[in-house]
Amino acid sequence: MTVEWSDNEGASWSPPTPATSYSVQDHQTISSSPYPAALHPTTWVFCINGNWEAPLCSTSFDGGNTWSPEVPGAPLGCGSGGLSAHIEGGANGNFYRGNAGCSGSGYSIYRSTDGGFTWTEHPLPTDESGTADTWNAEEAQVAIDDDDNVHAMWMGSDNMPYYAYSRDEGETWSNAMMIAPPAGIVGTGFPVVTAGAAGKVAFGYVGDAGNNTWNGYMTVITDAFNENPLMTTIQINEPGNPLDTEDGCGYNRCGG
Numbered sequence: 000m001t002v003e004w005s006d007n008e009g010a011s012w013s014p015p016t017p018a019t020s021y022s023v024q025d026h027q028t029i030s031s032s033p034y035p036a037a038l039h040p041t042t043w044v045f046c047i048n049g050n051w052e053a054p055l056c057s058t059s060f061d062g063g064n065t066w067s068p069e070v071p072g073a074p075l076g077c078g079s080g081g082l083s084a085h086i087e088g089g090a091n092g093n094f095y096r097g098n099a100g101c102s103g104s105g106y107s108i109y110r111s112t113d114g115g116f117t118w119t120e121h122p123l124p125t126d127e128s129g130t131a132d133t134w135n136a137e138e139a140q141v142a143i144d145d146d147d148n149v150h151a152m153w154m155g156s157d158n159m160p161y162y163a164y165s166r167d168e169g170e171t172w173s174n175a176m177m178i179a180p181p182a183g184i185v186g187t188g189f190p191v192v193t194a195g196a197a198g199k200v201a202f203g204y205v206g207d208a209g210n211n212t213w214n215g216y217m218t219v220i221t222d223a224f225n226e227n228p229l230m231t232t233i234q235i236n237e238p239g240n241p242l243d244t245e246d247g248c249g250y251n252r253c254g255g
């Protein structure tokens, strides 16, 4: 697997540089942080599914021109599997990614404070939500806001989207919150989360409005740290024009 970079909005690209050599290469994800690097102001970490007991990750300290040997993106002996969600870098230099827990159950966020060379596990509060028994069981999504608070999203055993946040880099988590509207959606899939200013979070997902009518939804929280945060949800496709009508689309990657 190779990486190329552009510093002129895609008008031209660097020559490709190998970032990984493992034979199984999917679930590719890359992110950056200002982790101190001698040759470049930005550190990049690239992770893939290596068909191994955990994702495999490489690091570049020179802007993507060279990459370190692959290392496990989890603690040694972790049995999370290699199907990681997207990696995210924080302003404090930390990197985070999410997937199944090392024990093979629950979901965890994995954190690196040294540019992707070592990782620690931080389990999410899934005791009440459970975990999905679909393709969505592979991943927990993560986002970092401007104040380095960590926001996580996953699908529960009821196939609904859940959210929790951490204000101490994943050491502890808030209680889990179900973020979809209380009525009108019977199941969801394809979770994604992003964050902006402190406590401002947006979530995207597809949802079944009944009879395999799969629409796209976005839920926004602007006061995540309040005792009862306000959640606003909109349907992003036109009424009567669903994104898909395939049976179980959001549970099976819509056949992808």
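Here the sequence shown is numbered in numbering that gives the first Met the number 0, starting from 0 and rising by one per residue. Even for Gly, the Cβ is constructed at its ideal location relative to N, Cα and C. Computed from a predicted model, the values in this text were never measured in an experiment.
Taking C-beta separations shorter than 7 Å and ignoring five residues to either side along the sequence, the partners of E127 in its chain run A175, following chain order. Nearest Cα to P68 within the set G78, G88, V44: V44. In this structure the region 222-235 does not lie against the region 107-124, because fewer than three pairs of beta carbons, one per stretch, are closer than 8 Å. Residue environment: S104 is assigned as exposed (fewer than 16 neighbouring CB atoms within 10 Å of its CB, all protein chains considered). By the neighbour-count definition (other C-beta atoms within 10 Å, threshold 16), P54 is a buried residue.
The C-beta of L123 has 16 or more other C-beta atoms within 10 Å across all chains shown, which makes the residue buried.
The residues S5, in chain order, have a CB closer than 8 Å to that of S11 in the same chain once the five nearest residues on each side in sequence are set aside. Straight-line measurement puts the Cα of S31 at about 33 Å from the Cα of G186. DSSP lists M152 as the beta-bridge partner residues of Q140. Excluding five sequence positions before and after T133, the CB atoms of its chain that fall closer than 6 Å to its own CB belong to Y250, given in chain order.
In the three-state scheme derived from DSSP, where H, G and I count as helix and E and B as strand, C56 is classed as strand. The alpha-carbon separation between T212 and E3 amounts to approximately 39 Å.
Between G72 and C46, the alpha-carbon positions lie close to 7 Å from each other.
Nearest Cα to G169 within the set D144, N240, M217, R110: R110. In this structure I235 touches G215 by the C-beta definition: roughly 4 Å separates them, less than 8 Å. The beta strand (DSSP E) runs lying completely inside the region 25-86 and spanning 3 residues or more are 25-32, 42-48, 55-59, given in chain order.
Inclusion of P160 and P181 in the CB contact set at 8 Å is not warranted, their separation being larger than that value. G103: not part of any beta strand (DSSP E); DSSP gives it neither H nor E. Residue state for N210 is assigned as coil, using DSSP reduced to three classes. No Cβ-Cβ contact shorter than 8 Å links G9 with T41.
S20: not part of any beta strand (DSSP E); DSSP gives it neither H nor E. Here A90 is not near P35, since their CB atoms are 8 Å or more apart. Residue environment for T231: exposed (fewer than 16 other C-beta atoms within 10 angstroms of its C-beta).
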